[in-house]
Amino acid sequence: MKFAHRPQRPNGDDQLIPLINVIFLMLIFFMLAGRIAPSDPLEIEPPHSTEAPEALAPQPEQRTLLIAADGALALDGTALDTAALQQRLAAWHQAVPNGELRIKADARLRSRQLQETLTLLRELGIEHITLLATHAS
7 MKFAHRPQRP NGDDQLIPLI NVIFLMLIFF MLAGRIAPSD PLEIEPPHST EAPEALAPQP
67 EQRTLLIAAD GALALDGTAL DTAALQQRLA AWHQAVPNGE LRIKADARLR SRQLQETLTL
127 LRELGIEHIT LLATHAS
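So the sequence shown is numbered by the numbering used here: it starts at 7 and just counts up by one.
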């Protein structure tokens, strides 16, 4: 007596493994590529403002100066000392005389340290300054 050979049905798990691999690869890709903008080199908690926020998207003629609570400085994501900051801002101001400098200062920064920085900016001739703050609702 001869038995007919029945073809075996493929196991459903065999088709599921490539799908799981693709999902894990996509997860890894989005975890690595998901960072859209680099974080600030200094930890800054800006002061709060009761005024309505304006659209302040950075423009090419703008620079952003970060001032931490301890007085540490960073210009456009690069930590600098006062002398290097003065050189970079002087060169930028010569290239873009009507450029705007945006200051993102920590709320715990002493007003004396902020005043010293503003005095430096005045000496360099930078007149267009915006102090960034978060909107207090």
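Ideal Cβ placement from N, Cα and C applies to all residues, glycine included.
Problem set entry | Local conformation of ALA111 per DSSP, three classes | On the sequence shown, position 105 is the one that residue 111 refers to. Correct three-state label for ALA111: strand.
Exercise. What's the C-alpha gap between ALA139 and ILE34?
Worked result: Numbered from its first residue, the sequence shown carries residue 139 at position 133. Numbered from its first residue, the sequence shown carries residue 34 at position 28. Distance between the alpha carbons of ALA139 and ILE34: 35 Å.
Exercise. For ARG108 versus THR70, is the C-beta spacing smaller than 8 Å?
Worked result: Numbered from its first residue, the sequence shown carries residue 108 at position 102. Numbered from its first residue, the sequence shown carries residue 70 at position 64. Yes, the pair counts as a contact, with Cβ atoms nearer than the cut-off.
Problem set entry | Limits of the alpha helix (DSSP H) - the one that LEU124 falls within | As a working note, residue 124 is residue 118 in the sequence shown. From DSSP, the alpha helix (DSSP H) with LEU124 extends over 117–130.
Problem set entry | Whole runs of the alpha helix (DSSP H) within the stretch 58–105, excluding any shorter than 4 residues | The qualifying runs are 88–101.
Exercise. By the 10 Å Cβ neighbour count, where 16 or more other Cβ atoms means buried, how is ASP112 classified, buried or exposed?
Worked result: One-based indexing of the sequence shown puts residue 112 at position 106. By the neighbour-count rule (16 or more Cβ atoms within 10 Å), ASP112 is buried.
Problem set entry | Local conformation of LEU22 per DSSP, three classes | For the purposes of this step, residue 22 is identified with residue 16 of the sequence shown, where counting begins at 1. Three-state result, LEU22: helix.
For this session: For the beta strand (DSSP E) containing ILE135, list its first residue and its last residue.
Result: The residue labelled residue 135 in the question sits at position 129 within the sequence shown. Its beta strand (DSSP E) spans residues 135–137.
Exercise. What number of angstroms, rounded off, separates the C-alpha of GLU133 from the C-alpha of LEU124?
Worked result: The residue given as residue 133 occupies position 127 in the sequence shown. The residue given as residue 124 occupies position 118 in the sequence shown. Each residue's Cα considered, the two are about 10 Å apart.
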